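Each protein sequence line maps, in turn, to chains C and W. Just so we're aligned: 75 in this note's numbering is position 75 of the first sequence, and the numbers increase by one with no gaps anywhere. Just so we're aligned: 1169 in this note's numbering is position 169 of the second sequence, and the numbers increase by one with no gaps anywhere. Contents: one structure, followed by commentary.
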Amino acid sequence: MDFTIDFTKEQIESIEDVLQEELIDLGVQSVILMDLAGNVIVNLDNGGTSHDVYSLAALAAGNYGAVSAMANIIGEQEFSLLFHKGEEESIHFSKVVEDLLLLTIFNKDVSLGFLRLKVTEAIKRIQMLI
Amino acid sequence: MALINPKKREVQVKIVYYGPGRGGKTTNLEFINRKFKKRILNEMVTVKTYGDRTLFFDFLPFDIGEIKGHSIKIQLYTVPGQVKYNATRRLVLRGVDGIVFVADSMDLRREMNIRSLQNLKENLESFNKNIFNIPLVMQYNKRDLSEEGIPILSEDALQKDLNSRLNAPYFPASAIRGDNVAATMKKIIALTVSSLRKKLE
Ligand SMILES: Nc1nc2c(ncn2[C@@H]2O[C@H](COP(=O)(O)OP(=O)(O)OP(=O)(O)O)[C@@H](O)[C@H]2O)c(=O)[nH]1
Ligand SMILES: [Mg+2]
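And the structure:
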């Protein structure tokens, strides 16, 4: 099985538009759409940060895989909320489709509830594009 | 298969260093990180336990320039070699494009090399991949130990144990000194990227 989905240039641009409108324009610092092999598919930021997105994606893929394996051991399909909260910045993970993850980095000006709502909307729109 | 981003004209290629615990996988990446500092834009990421053993993986992104107008980003990973960490080894193998198998030349590690290679086969099968169809390079590491009077396996013995059917390119090496570390890496990149070329046309 090959895990990597091939995207066209047009698909990537449409996904970028969705992420820009739903998340970046609302104050999110940066978003990464990635696969579970740790590849970065799309990344966008608000210009105020320059994270090492490749390392983040590698670690996020491992982290997500480990948490899913823990869920299976205790008899859960998956955990619905994956979230790491820091003093200033926080990271939120969400599954888009099998093998695709959306990673969102946001600061304390954005509430978790609002972010989750927006992430859900963005994911619905991305699912229709792929 | 590697990820191709047609918008950025960028390709991400995943290469995994596999092999028994303490065989020298992390040492290979550390050497590459020092030697090719200029081409490595970001820090090497390592997830280790106290005793310096790899707990999850090491990760080193490496730019090799352009092929057919696409910039190629090589992502080097190591797995944790210790037997008990198989679940994490499998996670790291996900989406792998090429593999370096780092065997330990020490006499004492003969059985561990064979078992680790068998484990690699099984883990690839769990992703419906066949070890015979994936770019693979063998590295027989720690050749320097013979100078200290420590018994090591001959290259022939290692070839027989590990590579008689696979017939992969192989290198005797000393990761700690850096002997053949770059050669091993160049070989696996060449093998992996040549299968990619066709796709980029
Ligand atoms: N003499 C000698 N020692 C080496 C060589 N390569 C690695 N070592 C040593 O072997 C030990 C284990 O090396 P690592 O690179 O951490 O091994 P690893 O394969 O990453 O081990 P795990 O993370 O447990 O899977 C370290 O003490 C290294 O210094 C070598 O070529 N020669
Ligand atoms: Mg290691």
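From the three backbone atoms N, C-alpha and C, an ideal C-beta is built for every residue, glycine too. Computed from a predicted structure; not experimentally measured.
Item to check | Beta-carbon neighbours of V1045 of chain W, restricted to chain C and to distances below 7 Å | outcome: The count along the second sequence starts at 1 and reaches residue 1045 of chain W at position 45. Within 7 Å Cβ-Cβ: S55, A58 and L59.
Next on the checklist: Quick check on D45 of chain C - is its C-beta less than 8 Å from some C-beta in chain W?
Outcome noted: Locating residue 45 of chain C in the first sequence gives position 45, where the first residue counts as 1. It does not: the Cβ of D45 of chain C has no partner Cβ on chain W nearer than 8 Å.
Checklist entry - Sorted by chain position, which residues of the same chain lie with C-beta nearer than 7 Å to N1123 of chain W's C-beta, five sequence neighbours on each side aside? => result What you label residue 1123 of chain W is simply residue 123 of the second sequence in a count that begins at 1. R1089, R1090 and L1093.
Checklist entry - Listing by chain order, which chain W residues have their CB less than 8 Å from the CB of K95 of chain C? => result The residue you call residue 95 of chain C lines up with position 95 of the first sequence. Those within 8 Å of K95 of chain C in chain W number zero; the least Cβ separation is about 15 Å.
Checklist entry - Residue range of the beta strand (DSSP E) that S1126 of chain W falls in? => result If you number the second sequence from 1, residue 1126 of chain W lands on position 126. Where S1126 of chain W is concerned, there is no enclosing beta strand (DSSP E), although the alpha helix (DSSP H) it sits in stretches over R1110 to S1126.
Checklist entry - Terminal residues of the continuous beta strand (DSSP E) containing L1136 of chain W? => result One-based indexing of the second sequence puts residue 1136 of chain W at position 136. Per DSSP, L1136 of chain W belongs to the beta strand (DSSP E) from L1136 to N1141.
Item to check | Backbone secondary structure at K1035 of chain W - three-state DSSP | outcome: Numbered from 1 along the second sequence, position 35 holds the residue referred to as residue 1035 of chain W. Helix, per DSSP.
Item to check | Cβ-based contacts, 9 Å cut-off: residues of the stretch 1022–1042 of chain W near chain C | outcome: L1041 and N1042
Checklist entry - From the beta carbon of T1049 of chain W, is the nearest beta carbon of chain C less than 8 Å away? => result Counting from one through the second sequence, the residue named residue 1049 of chain W turns up at place 49. Taking Cβ atoms only, chain C never reaches closer than 8 Å to T1049 of chain W, which makes this a no.
Checklist entry - Is L36 of chain C closer than 8 Å to A61 of chain C when the C-beta atoms are compared? => result Position 61 of the first sequence holds residue 61 of chain C. Position 36 of the first sequence holds residue 36 of chain C. Yes, they are a contact pair.
Checklist entry - Would the beta-carbon of I32 of chain C fall within 8 Å of that of L103 of chain C? => result For this step, residue 32 of chain C is matched to residue 32 along the first sequence. For this step, residue 103 of chain C is matched to residue 103 along the first sequence. Yes, the pair counts as a contact, with Cβ atoms nearer than the cut-off.
Next on the checklist: Counting only C-beta atoms, is L1076 of chain W closer than 8 Å to chain C at any point?
Outcome noted: As a position in the second sequence, residue 1076 of chain W is number 76, starting the count at 1. Closer than 8 Å: no.
Checklist entry - Rounded to whole angstroms, how far is the Cβ of V1181 of chain W from the Cβ of I1032 of chain W, which I believe are closer than 8 Å? => result On the second sequence, residue 1181 of chain W is found 181 positions in, with the first residue counted as 1. On the second sequence, residue 1032 of chain W is found 32 positions in, with the first residue counted as 1. 6 Å between Cβ atoms; contact.
Checklist entry - By a C-beta neighbour count over all protein chains shown, 10 Å radius and 16 as the cutoff for buried, is F106 of chain C buried or exposed? => result Translated into the one-based positions of the first sequence, residue 106 of chain C becomes position 106. Label assigned to F106 of chain C: buried.
Checklist entry - Is the CB of I41 of chain C under 8 Å away from at least one CB in chain W? => result For the purposes of this step, residue 41 of chain C is taken as the residue at position 41 of the first sequence. Closer than 8 Å: yes.
Checklist entry - Over what stretch of residues does the beta strand (DSSP E) that includes I15 of chain C continue unbroken? => result Looking up residue 15 of chain C in the first sequence gives position 15. Looking at the DSSP string, I15 of chain C is not in any beta strand (DSSP E); the run it does join, the alpha helix (DSSP H), is K9 to E22.
Checklist entry - Taking only beta-carbon atoms, is I32 of chain C less than 8 Å away from chain W? => result Reading the first sequence from its first residue, position 32 is the one you call residue 32 of chain C. Taking Cβ atoms only, chain W never reaches closer than 8 Å to I32 of chain C, which makes this a no.
Item to check | Span of the alpha helix (DSSP H), counted from its first residue to its last, around I1131 of chain W | outcome: The sequence position of residue 1131 of chain W within the second sequence is 131, counting from 1. Note, I1131 of chain W: premise wrong, no alpha helix (DSSP H); not H, not E.
Checklist entry - When the Cα of D1144 of chain W is compared with those of W:L1158, W:P1172 and W:N1163, which residue comes out closest? => result What you label residue 1144 of chain W is simply residue 144 of the second sequence in a count that begins at 1. Taking only the C-alpha atoms, the option nearest D1144 of chain W is W:P1172.
Checklist entry - Do three or more CB pairs link the stretch 1162–1171 of chain W to the stretch 1130–1139 of chain W at distances below 8 Å? => result yes
Checklist entry - Just the residues with CB closer than 7 Å to a heavy atom of ligand 2, in chain order, which are they? => result W:K1025, W:T1026, W:R1053, W:T1054, W:D1058, W:T1078, W:P1080 and W:G1081
Next on the checklist: At the level of alpha carbons, what is the spacing between T1049 of chain W and D1097 of chain W?
Outcome noted: Taking the first residue of the second sequence as position 1, residue 1049 of chain W is located at position 49. Taking the first residue of the second sequence as position 1, residue 1097 of chain W is located at position 97. Roughly 27 Å separates the two Cα atoms.
Checklist entry - With a CB to CB cut of under 8 Å and the five nearest residues on each side skipped, what residues in its chain are close to P1039 of chain W? => result Mapped onto the second sequence, residue 1039 of chain W falls at position 39. Residue identity check: residue 1039 of chain W is Arg in the sequence provided, not Pro. Here the set comprises F1062, D1063 and I1064.
Checklist entry - If H92 of chain C and F83 of chain C are in contact, beta carbons under 8 Å, what's the gap, nearest whole angstrom? => result The sequence position of residue 92 of chain C within the first sequence is 92, counting from 1. The sequence position of residue 83 of chain C within the first sequence is 83, counting from 1. Indeed, because the Cβ distance is near 5 Å, the residues count as touching under 8 Å.
Item to check | Simplified DSSP assignment, three categories, for E1010 of chain W | outcome: Residue numbering aside, residue 1010 of chain W sits at position 10 when the second sequence is read from its first letter. Correct three-state label for E1010 of chain W: strand.
Item to check | Listed by chain order, chain W residues near A71 of chain C by CB distance under 8 Å | outcome: Start at 1 with the first residue of the first sequence, and residue 71 of chain C comes out as number 71. Chain W residues near A71 of chain C: none, gap ~13 Å exceeds 8 Å.
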